[in-house]
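A.B. asks: In order, the protein sequence lines correspond to chains A and B.
If you want this note's numbering, it's the 1-based position in the first sequence plus 11.
If you want this note's numbering, it's the 1-based position in the second sequence plus 11.
Using N, Cα and C, we set each Cβ at its ideal position, and we do this for glycine too.
Protein chains: 2
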Amino acid sequence: MAGTDHRHQGAGLTDGGPVVILVEPQLGENIGASARAMLNCGLAQMRIVAPRDGWPNPAALTNASGADGVIEAATVFDSTAAAIADLQHLYATTARPRHMVKPVLTPAEAARQIRIQGGGGGRVGILFGGERAGLTNDDVSLADTIITAPLNPGFTSLNLAQAVLLVAWEWWQAADATPPRQIDTGASRIAHRDELLNVFAHLETELDRAAFFSSPGKRPSMIRNLRNMFERADLTEQEVRTLHGIVTALSGMRRDGKPRGTRDSGGETAD
Amino acid sequence: MAGTDHRHQGAGLTDGGPVVILVEPQLGENIGASARAMLNCGLAQMRIVAPRDGWPNPAALTNASGADGVIEAATVFDSTAAAIADLQHLYATTARPRHMVKPVLTPAEAARQIRIQGGGGGRVGILFGGERAGLTNDDVSLADTIITAPLNPGFTSLNLAQAVLLVAWEWWQAADATPPRQIDTGASRIAHRDELLNVFAHLETELDRAAFFSSPGKRPSMIRNLRNMFERADLTEQEVRTLHGIVTALSGMRRDGKPRGTRDSGGETAD
């Protein structure tokens, strides 16, 4: 999905968003892709524990694809304990059960809880393990809470940046107020019902003139079916006018009674 | 997140899942990562329209990271129209407004609608555009419905495989029944309230003996605070027994009255 105004990258950033902590990540590509996923979802604070290939890592910047600020502001630590020192609530992401007595939340439920904690001024962090084996049990034991995404049980291995996106997306979505369904009617608006009835009448009149309804007994049900077809489409007022024009053009007859073939400034010559 | 039983990749696959259609993708890496994201979320049907680097693409297989079956079963088409011919419901993903009179759904709402359509036997497809500029307006115009993820308005450019993950995750999640919060208590169970009251009584008795409550007037509120601390932890029956052991060990006094320092098979010598 393309389309970003790079002048306003910070527009959606939220104070109180959780810190993303990558523990012993291997590939700069994945660190960069994680930064991009974070910024997509309004998160900007990244910490990195003992990155395998050192830091800074040019591949991270390249793969951030514009989320340079996240990479440039990332801080590096020698140990997980050092990276989490100032945090108050800590989550660990893991795909497999760790058999620890610790709450395991879905990403959506964790997002709700993190929003509550962050909204109350709490500093929250989320641990993500490296590509090879995820977090160690010792790292998981540092956290209050586990996040596990319930995925296809036959294939739960998420790419690191995909795991970051999934959790960040749920966090972002938890406070998003976008209407689930919108329709862009441009300069027009959804038609009023009398406008629909008018165009139905126009169409049905012309169909009668054209002897479309061969069986008078079937006319009522055919008319209902025609109306249903157009009613399902949530027509705009502009589209209703276009339909009037189509009926007029196809029937070869103006509303004012002029015959087929007369030139019209709003359409092509009909023959 | 690691941890997959590769013998059962198909375990979570669902008939009726939507077809993912990548239109003119550029990088095999992204095609592979999209396949991985699809299989994470139980989707297996990929179609590819005019891949820039031809097909098959070795990088796609490498980056599928085990989702080989999705790549091997992918079908390639010359045009979007050919790729969608047999579908009945078609969605187009896009980050930017296209100013078409077409419903725009969030991924979660689209997931609900796709589940309904698929559940009714409908064949559903979702178009994803290439890395450079997304779908053309002509491709978008082929779809019934647009899906737009409301992201950080300052940084809406999602990687192709990330866009696939986000939509596939919402589809998967829409039918997932995982409890939002679980706790693995292993062979134990959450303690009954009388077990808690017993350990509180044990602790408070020993604290009285140790003259912990220096001010008798503050004793009731200090006891309430102590109880709150343990009550917040949702202790298991095993943990309650461990607490009894800790109180016994630290107080240096057995329940049977033996003095501090007596060897105990269940713990260390106390001094």
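Using beta carbons (cut-off 9 Å, strictly below), is TRP182 (chain A) in contact with chain B?
C.D. replies: No - not a single Cβ of chain B is within 9 Å of the one on TRP182 (chain A).
A.B. asks: Name the chain B residues whose beta carbon is nearer than 9 Å to that of ILE194 (chain A)?
C.D. replies: The contacting residues are VAL112, LYS113, PRO114, VAL115.
A.B. asks: Cα-Cα, which of B:PRO114, B:SER90, B:LEU54, B:ALA78 is closest to ASP245 (chain A)?
C.D. replies: Residue B:PRO114 is the option with its Cα nearest to ASP245 (chain A).
A.B. asks: In angstroms with no decimal places, state the Cα-to-Cα distance between SER262 (chain B) and ILE137 (chain A).
C.D. replies: Taking the straight line joining both Cα atoms gives about 38 Å.
A.B. asks: At a CB-CB cut-off below 9 Å, which residues of chain B make contact with LEU101 (chain A)?
C.D. replies: Ordered by position in chain B, no residue passes the 9 Å Cβ test against LEU101 (chain A), which lies about 16 Å from the chain.
A.B. asks: Measuring only the C-alpha atoms, how far is CYS52 (chain A) from GLY228 (chain B)?
C.D. replies: Approximately 52 Å, taken between the alpha carbons.
A.B. asks: Quick check on the burial criterion: 16 or more other C-beta atoms within 10 angstroms. Buried or exposed for LEU288 (chain A)?
C.D. replies: Outside the shown range of chain A (12 to 282) lies residue 288 (chain A), about which nothing can therefore be said.
A.B. asks: Within this structure, are the beta carbons of ILE32 (chain B) and ARG58 (chain B) separated by less than 9 Å?
C.D. replies: A contact, by the Cβ cut-off of 9 Å.
A.B. asks: Using a beta-carbon distance below 9 Å, is GLY129 (chain A) in contact with chain B?
C.D. replies: Taking Cβ atoms only, chain B never reaches closer than 9 Å to GLY129 (chain A), which makes this a no.
A.B. asks: Count the other CB atoms within 10 Å of the CB of ALA198 (chain A); is the residue buried (16 or more) or exposed (fewer)?
C.D. replies: Flag for ALA198 (chain A) reads exposed.
A.B. asks: Looking only at its own chain, which residues have a Cβ that is under 6 Å from the Cβ of VAL135 (chain A), when we skip the five neighbours before and after it?
C.D. replies: Only PRO29, HIS100, ILE125, GLN128, GLY129 meet the Cβ criterion.
A.B. asks: Within the 9 Å Cβ cut-off, does ASP187 (chain A) reach chain B?
C.D. replies: Chain B, which has a Cβ nearer than 9 Å to the Cβ of ASP187 (chain A), makes this yes.
A.B. asks: Taking just the CA atoms, how far does GLU248 (chain B) sit from ALA202 (chain B)?
C.D. replies: Whole-angstrom Cα-Cα distance: 4 Å.
A.B. asks: Any beta-carbon of chain A closer than 9 Å to the one on ALA48 (chain B)?
C.D. replies: It does; some Cβ of chain A falls within 9 Å.
A.B. asks: ALA185 (chain A) to ALA160 (chain B), Cα distance in whole Å?
C.D. replies: If I take the Cα positions, the gap works out to 13 Å.
A.B. asks: Over what stretch of residues does the alpha helix (DSSP H) that includes VAL87 (chain A) continue unbroken?
C.D. replies: Premise fails: VAL87 (chain A) lies in the beta strand (DSSP E), 86-88, not in any alpha helix (DSSP H).
A.B. asks: Entirely within the segment 154-198 of chain A and at least 3 residues each: give me those beta strand (DSSP E) ranges in chain order.
C.D. replies: Listed in chain order, the complete beta strand (DSSP E) runs (minimum 3 residues) inside the segment 154-198 of chain A are 156-158, 192-194.
A.B. asks: Do ARG47 (chain A) and SER168 (chain B) have their CB atoms nearer than 9 Å?
C.D. replies: In this structure, SER168 (chain B) lies closer than 9 Å to ARG47 (chain A) by Cβ.
A.B. asks: With a threshold of 8 Å, are at least 3 pairs of Cβ atoms found where one atom belongs to the segment 143-153 of chain A and the other to the segment 166-183 of chain B?
C.D. replies: Contact between the segment 143-153 of chain A and the segment 166-183 of chain B is absent, because fewer than three Cβ pairs lie under 8 Å.
A.B. asks: Answer with yes or no whether the minimum CB distance from ALA260 (chain A) to chain B is below 9 Å.
C.D. replies: No, ALA260 (chain A) lies away from the interface with chain B (no Cβ there is under 9 Å from its Cβ).
A.B. asks: For the alpha helix (DSSP H) that contains ILE59 (chain B), what are its first and last residues?
C.D. replies: Per DSSP, ILE59 (chain B) belongs to no alpha helix (DSSP H); it is in the beta strand (DSSP E), 57-60.
A.B. asks: For ALA70 (chain A), tell me which candidate among A:GLU40, A:ARG107, A:VAL112 has the shortest Cα-Cα distance.
C.D. replies: Closest option to ALA70 (chain A), Cα to Cα, is A:GLU40.
A.B. asks: Between ALA44 (chain A) and GLY80 (chain A), which are expected to be in contact by the criterion C-beta below 8 Å, what is the C-beta distance as a whole number of angstroms?
C.D. replies: Between GLY80 (chain A) and ALA44 (chain A) the Cβ distance is about 15 Å, and since that is not below 8 Å, they are no contact.
A.B. asks: Less than 9 Å between the C-beta atoms of VAL60 (chain A) and VAL87 (chain A), yes or no?
C.D. replies: Their beta carbons are under 9 Å apart, which means VAL60 (chain A) touches VAL87 (chain A) by this criterion.
A.B. asks: What does DSSP give as the partner residues of THR247 (chain A) in its beta bridges?
C.D. replies: A:ILE201, per the DSSP bridge assignment.
A.B. asks: Would you say ALA94 (chain B) and VAL34 (chain B) are within 9 Å of each other, going by their C-beta atoms?
C.D. replies: Yes.
A.B. asks: Among B:PHE139, B:LEU98, B:ALA119, whose alpha-carbon lies nearest the alpha-carbon of ALA106 (chain B)?
C.D. replies: The candidate whose alpha carbon is nearest that of ALA106 (chain B) is B:PHE139.
A.B. asks: Excluding the 5 residues preceding and the 5 following GLY278 (chain A) in the sequence, name in chain order all residues of the same chain whose CB lies nearer than 7 Å to its CB.
C.D. replies: Low confidence applies to GLY278 (chain A): its pLDDT is 39, below 50, so where it sits in the model is not reliable, and the reading given next is rough at best. Only GLY256, ALA260 meet the Cβ criterion.
A.B. asks: Can you give the beta carbon distance from GLU142 (chain A) to PRO36 (chain A), rounded, assuming they're within the 8 Å contact cut?
C.D. replies: Contact flag correct, Cβ pair sits at about 7 Å.
A.B. asks: Is the shortest distance between the beta-carbon of THR247 (chain A) and the beta-carbons of chain B less than 9 Å?
C.D. replies: It does; some Cβ of chain B falls within 9 Å.
A.B. asks: Report the CB separation of VAL178 (chain B) from PRO118 (chain B) in whole angstroms; it is logged as a contact under 8 Å.
C.D. replies: That belief holds up - the Cβ atoms of VAL178 (chain B) and PRO118 (chain B) are roughly 5 Å apart, short of 8 Å.
A.B. asks: Since ILE194 (chain B) and GLU215 (chain B) are thought to touch, with beta carbons under 8 Å apart, how far apart are those beta carbons, to the nearest angstrom?
C.D. replies: The pair is not a contact, with the Cβ atoms about 27 Å apart (cut-off 8 Å).
A.B. asks: Would you grab the beta carbon distance between ARG5 (chain B) and LEU116 (chain A) for me? Rounded to a whole angstrom, and I think it's under 8 Å.
C.D. replies: One cannot answer for residue 5 (chain B) here, as it falls past the ends of chain B, which runs 12 to 282.
A.B. asks: Can you tell me which of the three DSSP states PRO114 (chain A) falls into?
C.D. replies: Three-state result, PRO114 (chain A): strand.
A.B. asks: Determine whether the beta carbon atoms of ASN91 (chain A) and ALA121 (chain A) lie at a separation below 9 Å.
C.D. replies: Looking at the sequence provided, one finds Thr at residue 91 (chain A) rather than Asn. The answer is no: Cβ separation not under 9 Å.
A.B. asks: Please return the same chain residues whose Cβ sits closer than 7 Å to the Cβ of LEU72 (chain A), not counting the five positions on each side in sequence.
C.D. replies: Correct list, in chain order: GLY43, ASP79, ILE82.
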